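Asker: I'd like to ask some things about the structure below.
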Amino acid sequence: MAVAARLRPQPLLAIFLLACGSVSGCSTTSQVAQAPSMAQTAGAAAGTDAGYPVLPETVSVLPQPSNPAYAGGDNVAGVAVQGQMVATASAQGGAPAVAAQTAAFAGPTPQAVQPAGAPITAPAGLAVAMVVPEAPSKLGVRGEIDKLIDKYAAVYEVPVDLVRHVVNRESTFNPRAYNRGHWGLMQIKHATARGMGYGGPASGLFDAETNLKYAVKYLRGAWLVSDGNPKRADRLYQTGYYYEAKRKGMLEATGLGIDRKRRQRGPAPAIPSAEPEA
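Now the structure itself:
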């Protein structure tokens with residue numbers, strides 16, 4: 179009986195030891211974290227990690243605008259908002275790649291096509307090329323006048339530079355010029371033109387060729403009277419040269435009239451001697 183009494187507590191001790199082992203096993207396993215599932219890992223990568231936002235692995239560098247005017251606060255804020263939206267969309271995996279390219283463009287917005295008839299403007303400081311002809315005087319009415327000047331300068335044998343100088347001074351190459359009875363390109367008077375052979379009305383001297391035909395003829399007379407001096411010929415054209423041509427006997431040569439021929443007297447008769455003959 180004594181032996182049986184000593185052996186009875188042993189099962190109780192074994193049960194107690196088993197119970198302690200089970201309790202220590204629970205506390206040991208609770209300290210080891212469970213392996214995260216694939217869904218939780220993807221959610222943490224796409225969303226937040228311990229409550230903090232996850233930055234994207236790649237960051238696009240936005241180009242700097244070439245014009246400082248586009249670097250204002252509104253544009254920078256707009257680009258930053260677009261960049262954040264693109265980063266969020268790329269993290270979620272739902273936005274296409276084209277949106278990121280559009281947000282990364284920070285330059286000036288291309289202008290839309292202007293409607294027909296709208297004025298075309300160029301930025302300040304833009305050089306606009308303009309085609310200038312080599313000889314503008316050879317175009318249009320001025321070109322025709324220059325041809326007529328060359329023609330009648332050759333006809334009347336007057337220097338073309340002298341004719342062009344007179345035309346420029348008198349009318350600045352304006353065939354419709356008029357001033358107090360002076361008509362057309364070379365501002366010739368109607369009476370003077372008639373003296374050169376013109377038979378039409380005064381208004382007909384507005385025609386460039388008609389004016390040059392008779393005015394250059396009158397200038398030729400001044401050229402002859404001046405003995406080929408351009409400055410003096412120009413002055414005689416303005417003041418008139420009738421009396422000087424008459425004095426030189428050049429009225430016929432200049433077309434101003436007929437020179438009178440002086441009668442040549444014969445030798446004077448011998449005066450008889452007053453002394454009586456022997």
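Numbering (my numbering), first residue to last: 179 to 456.
Beta carbons: idealized from backbone N, C-alpha and C, even for Gly.
A quick note: this is a predicted structure, and the numbers were derived from the prediction, not measured.
In its own chain, which residues sit with a C-beta less than 6 Å from the C-beta of Ile323, not counting the 5 before and 5 after it?
Answerer: Correct list, in chain order: Phe351, Ala386.
Asker: Select from Leu414, Thr388, Asn389, Leu390 the residue whose C-alpha is nearest the C-alpha of Gly399.
Answerer: Nearest C-alpha to Gly399: Leu414.
Asker: Quick check: the segment 389–404 against the segment 369–379, are at least 3 beta-carbon pairs closer than 8 Å?
Answerer: With a cut-off of 8 Å, the segment 389–404 and the segment 369–379 count as touching, because enough Cβ pairs lie within range.
Asker: If you follow the alpha helix (DSSP H) that Tyr419 is part of, which residue opens it and which one closes it?
Answerer: Run containing Tyr419: none; DSSP gives neither H nor E here.
Asker: Are the CB atoms of Met364 and Val336 within a distance shorter than 8 Å?
Answerer: Not a contact, by the Cβ cut-off of 8 Å.
Asker: Would you give the residue range spanned by the alpha helix (DSSP H) that Ile327 belongs to?
Answerer: Start and end: 318–333.
Asker: Quick check for students: name the residue ranges of the alpha helix (DSSP H) that lie wholly in the segment 328–394, counting only runs of 4 or more.
Answerer: You should have 338–349, 368–373.
Asker: Starting from the C-beta of Ala213, find all residues in its chain whose C-beta is less than 6 Å away, skip the five residues before and the five after it, and write them out in chain order.
Answerer: Since pLDDT at Ala213 reaches only 48, below the 50 mark, its modelled position is unreliable, and the value read off the structure follows with that caveat. There are no such residues.
Asker: For Asp405, which three-state DSSP category applies?
Answerer: Residue state, collapsed to three classes: coil.
Asker: Determine the DSSP secondary structure at Leu397, reduced to helix, strand or coil.
Answerer: If DSSP states are grouped into helix, strand and coil, Leu397 belongs with the helices.
Asker: I'd like to know whether the C-beta atoms of Ala332 and Val341 end up nearer to each other than 8 Å.
Answerer: No, these two residues do not count as a Cβ contact at 8 Å.
Asker: On the CB-based measure, 16 or more other CB atoms within 10 Å of its CB, does Glu348 come out buried or exposed?
Answerer: Under this definition Glu348 is a buried residue.
Asker: When the distance is taken between beta carbons, is Lys426 closer than 8 Å to Val403?
Answerer: A contact, by the Cβ cut-off of 8 Å.
Asker: Suppose the cutoff is 8 Å on Cβ atoms and the five residues either side in sequence are ignored; what does the same chain contact list for Leu328 look like?
Answerer: The question names Leu, yet the displayed sequence has Asp at residue 328. If we look at Asp328 and ignore the five residues flanking it on each side, its Cβ neighbours are Val338.
Asker: I want to check one thing, is the minimum distance from the CB of Asn407 to the heavy atoms of the ligand SAM below 7 Å?
Answerer: Because no ligand of any kind appears in the structure shown, any question about the ligand SAM cannot be addressed here.
Asker: Measuring straight from C-alpha to C-alpha, what distance separates His368 and Gly362?
Answerer: Rounded to the nearest angstrom, the two C-alpha atoms are 10 Å apart.
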